[in-house]
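Trainee: Note that the numbering used here numbers the sequence shown so that position 257 is 247, with each residue one more than the last. For each residue, glycine too, the CB sits at the ideal point set by N, CA and C. First the structure, which I've put down as structure tokens, then a few questions once you've had a look.
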Amino acid sequence: MKGTVLSVFLIAVSVAAMSAFAQKSPPAAAVEDRDWWKHAVFYEIYPRSFADSNGDGVGDLNGITSKLDYLKDLGVDAIWITPCFPSPQVDFGYDVSDYENIDPMYGTLADFDELAREAKKRNIRIILDFVVNHTSDQHPWFLDSKSSRTSAHRDWYIWRDGKGRQPPNNWVSIFGGSAWKFDPTTNQYYYHYFYAQQPDLNWRNPAVKDAMFDVTRFWYKRGVSGFRLDAVDTLFEDPNLTDNPILRPGKNAFGDPIEQDKFNTKLPEVHQVLRGLRKIADGYDAVLIGETWTADVAELNQYYGKGNNELQLPMDFLFTMVNKLSPAEFRKQIAEVNAASGWPTFVISNHDIVRSYDRYGDGQHNDQIAKLMAALYLTLRGTPIMYYGEEIGMKTTPPTRKEDVKDPIGRTGWPKEKGRDGERTPMQWDDSANAGFTTGKPWLPVPPTYETHNVAAESKDPDSVLEFYKRVLRLRRTNPALLYGNYTPINEDNPNVLSYLRLYRNHGVVVALNMAKTRQKISLELQPHGFISAKKLISTGGSAAHGGEVSLPPYGVFIGELGK
Ligand code: GLC
């Protein structure tokens, strides 16, 4: 499915041109900041696939608890667990039927409390995934809502009459087909941006807002340190239900017209909701991370809010949209997000897109390239959000037959769209049966690469992707320039090597990344910044520097301490 889901998302969520944002980052004064989330490394866990403690083939909370020492040793500060609440699992938890409990498949509230306690002992914070746009169609709110036109929860969702026998307007679901489903009980249509089993909440109803805000308090009181807010840009729709414009002729992977989601996404009302959620979060020193898909940094910037009173960490997905090792592209994007008004948040993989290992890998040097990408997003100014398995070089492994597909996107879009199973396969812990993920039958097959790419084997190999991640994360935690320094690009005309400095008081670090398949020797532009040499801190493939000259083998990484 390489790129397809991603492009569906992108077409739907952004047609804006890249912003006219300043190309250079200002020499912002570096500050040691008390905001814990600025210097934390986040790690996304897809709980179905991380670790199975009871042999039913599906990962669970006790499985996560059993791996906390691994996460600590790796060097992560916070784990974001994708939805683990009761759910019919139509969209694997992104269809919540009870926001204040744990799905029995994943355990119990007591298991959650145990996880929270054990995580706290290790200084690891927990972030939950808050599905704000929609519930499951099995949520009691929706069951009541659909029961009659006058039910107490009727107006908690979006119900409209059709146009004759047609849906109320032309909006299409991002998962295929009309975004409206007719319900014969009350002879009206309800709106769903995602799957029909994921009806959209009506955020214009203050009762919805109050109930959802209370959900966050429930979890904060249980020790949660923040939320990743799912699909934030889809919360509001045009009340007049204006038809969306057609973006271009033709059909998408689901056979639907290609629309610009002008009237059902990105409505400005969302900012008021975000400000409300932030107020509550601030009372608990919690962080709000946003799933903010956009290619437009000016738009991303709005999610910080005026005076930074909305999301602390709107995710920057720009890296996931490059899909090639292009220093010029990365340089441009890094400069743009550094010029934004809030703190950058870098993501290179997640449970919805092809893993970075495959997007950037050339098939021959994938491990080297995985290290290169790690060196990039873990040394930038900003907060990185890792995705489980990235640290061992897990390969996207999509199903080969339609009957094996689990993701609804793949089931409706096959064969053009294979869905997201490929990036959600079980974590590869060792080379035993099922990669040590489960003693039962794993819900998705374990990729064949588990024999070489697994935690146990890579822990013993100093050249592994895993050991590289650990080294960089250790350096990041202890080096003031990487923690607090500003971002200063150098050698900006070089087409093959991406290089930059991180400068903080007397400390300076240089990062040079060879994105080409040939050796590159360059003279680092250190002198204009008051330095003359770079001493190796971390390198790959024999990369080395003499004074300010660096020599990098294909895809080589050099991270050095600057000297005067
Ligand atoms: C987000 C999630 C995705 C889910 C969708 C609907 O994009 O990341 O996995 O399918 O929202 O909740």
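Check whether the region 488 to 502 touches the region 372 to 387, counting contact only when three or more Cβ pairs, one atom from each stretch, lie closer than 8 angstroms.
Mentor: The answer is no - the region 372 to 387 does not touch the region 488 to 502, with fewer than three Cβ pairs under 8 angstroms.
Trainee: How many Å lie between Glu90 and Asn486 at the Cα?
Mentor: Indexing the sequence shown from 1 puts residue 90 at position 100. Indexing the sequence shown from 1 puts residue 486 at position 496. About 50 angstroms.
Trainee: Can you round the beta-carbon distance between Asp421 and Val445 to whole angstroms, since I take them to be within the 8 angstroms contact cut?
Mentor: The residue labelled residue 421 in the question sits at position 431 within the sequence shown. The residue labelled residue 445 in the question sits at position 455 within the sequence shown. About 10 angstroms separates the two Cβ atoms, so there is no contact after all.
Trainee: Using a Cβ-Cβ cut-off of 7 angstroms (strictly less than) and excluding sequence neighbours within five positions of Glu457, which residues of its own chain qualify?
Mentor: Within the sequence shown, numbered from 1, the residue matching residue 457 stands at position 467. Same-chain partners within the cutoff: Glu448, Asp451.
Trainee: What runs of the alpha helix (DSSP H), each 4 residues or longer, lie entirely inside the region 10 to 92?
Mentor: Listed in chain order, they are 51 to 56, 58 to 64.
Trainee: Quick one: residues with CB closer than 6 angstroms to any heavy atom of the ligand GLC, in chain order, please.
Mentor: That gives Asp81, Tyr84, Val121, Phe184, Asp220, Ala221, Glu281, His341, Asp342.
Trainee: Any idea which residues DSSP pairs Gln510 with across the strands?
Mentor: For the purposes of this step, residue 510 is taken as residue 520 along the sequence shown, with counting starting at 1. Beta-bridge pairing links Gln510 to Leu542.
Trainee: Classify Tyr474 as helix, strand or coil using the three-state DSSP reduction.
Mentor: Within the sequence shown, numbered from 1, the residue matching residue 474 stands at position 484. Here Tyr474 sits in helix by DSSP.
Trainee: Taking all protein chains shown into account, do 16 or more other C-beta atoms lie within 10 angstroms of the C-beta of Phe208, making it buried, or fewer, making it exposed?
Mentor: For the purposes of this step, residue 208 is taken as residue 218 along the sequence shown, with counting starting at 1. The residue in question, Phe208, is exposed, as its Cβ has fewer than 16 Cβ neighbours within 10 Å.
Trainee: For His143 versus Asp134, is the C-beta distance shorter than 8 angstroms?
Mentor: The count along the sequence shown starts at 1 and reaches residue 143 at position 153. The count along the sequence shown starts at 1 and reaches residue 134 at position 144. In contact: His143 and Asp134 (Cβ atoms closer than 8 angstroms).
Trainee: Do Asp411 and Pro389 count as a contact pair if the criterion is CB distance below 8 angstroms?
Mentor: Here residue 389 is taken as the residue at index 399 of the sequence shown, counted from 1. Here residue 411 is taken as the residue at index 421 of the sequence shown, counted from 1. Yes.
Trainee: Comparing C-alpha positions only, which one of Leu542, Lys28, Gly553 sits nearest to Asp275?
Mentor: In the sequence shown, the residue the question calls residue 275 occupies position 285. The shortest Cα separation from Asp275 among Leu542, Lys28, Gly553 belongs to Lys28.
Trainee: Does the Cβ of Ser126 have 16 or more other Cβ atoms within 10 Å, making it buried, or fewer, making it exposed?
Mentor: Along the sequence shown, read from residue 1 onward, the residue named residue 126 stands at position 136. Buried: at least 16 other Cβ atoms inside 10 Å.
Trainee: Would Arg268 and Leu278 qualify as a contact pair, given that the criterion is a beta-carbon distance under 8 angstroms?
Mentor: Taking the sequence shown and counting its residues from 1, the one referred to as residue 268 is at position 278. Taking the sequence shown and counting its residues from 1, the one referred to as residue 278 is at position 288. It is a contact, given that the beta carbons lie within the stated cut-off.
Trainee: Check whether the region 304 to 318 and the region 234 to 253 are in contact - that is, three or more C-beta pairs closer than 8 angstroms.
Mentor: Cβ pair count under 8 angstroms is below three, so no.
Trainee: Pull up the distance between the alpha-carbon of Leu493 and that of Leu516, whole angstroms please.
Mentor: The residue you call residue 493 lines up with position 503 of the sequence shown. The residue you call residue 516 lines up with position 526 of the sequence shown. Cα to Cα, Leu493 sits roughly 11 angstroms from Leu516.
Trainee: Taking the beta carbon of Pro130 as the centre, do at least 16 other beta carbons fall within 10 Å, making it buried, or is it exposed?
Mentor: On the sequence shown, position 140 is the one that residue 130 refers to. With fewer than 16 other Cβ atoms within 10 Å, it is exposed.
Trainee: Nearest by alpha-carbon distance to Phe165: which of Phe184, Leu514, Cys74 is it?
Mentor: By 1-based counting over the sequence shown, the position of residue 165 is 175. Closest option to Phe165, Cα to Cα, is Phe184.
Trainee: What whole-angstrom Cβ distance do Phe75 and Gly83 have, given they're in contact under 8 angstroms?
Mentor: Along the sequence shown, one-based indexing puts residue 75 at 85. Along the sequence shown, one-based indexing puts residue 83 at 93. Contact flag correct, Cβ pair sits at about 7 angstroms.
Trainee: Are the CB atoms of Pro544 and Asn484 within a distance shorter than 8 angstroms?
Mentor: Taking the first residue of the sequence shown as 1, we reach residue 484 at position 494. Taking the first residue of the sequence shown as 1, we reach residue 544 at position 554. Contact: no.
Trainee: Quick one: is Arg464 buried, meaning 16 or more other Cβ sit within 10 Å of its Cβ, or exposed?
Mentor: The residue you call residue 464 lines up with position 474 of the sequence shown. By the 10 Å Cβ count, Arg464 comes out exposed.
Trainee: With 16 other CB atoms within 10 Å as the buried threshold, where does Phe548 fall?
Mentor: Taking the first residue of the sequence shown as position 1, residue 548 is located at position 558. Label assigned to Phe548: buried.
Trainee: What's the call for Leu99, buried or exposed, on a 16-neighbour Cβ count within 10 Å?
Mentor: Locating residue 99 in the sequence shown gives position 109, where the first residue counts as 1. So Leu99 ends up on the exposed side.
Trainee: Output yes or no for whether 8 angstroms exceeds the beta carbon distance between Leu514 and Phe320.
Mentor: If you number the sequence shown from 1, residue 514 lands on position 524. If you number the sequence shown from 1, residue 320 lands on position 330. Not a contact, by the Cβ cut-off of 8 angstroms.
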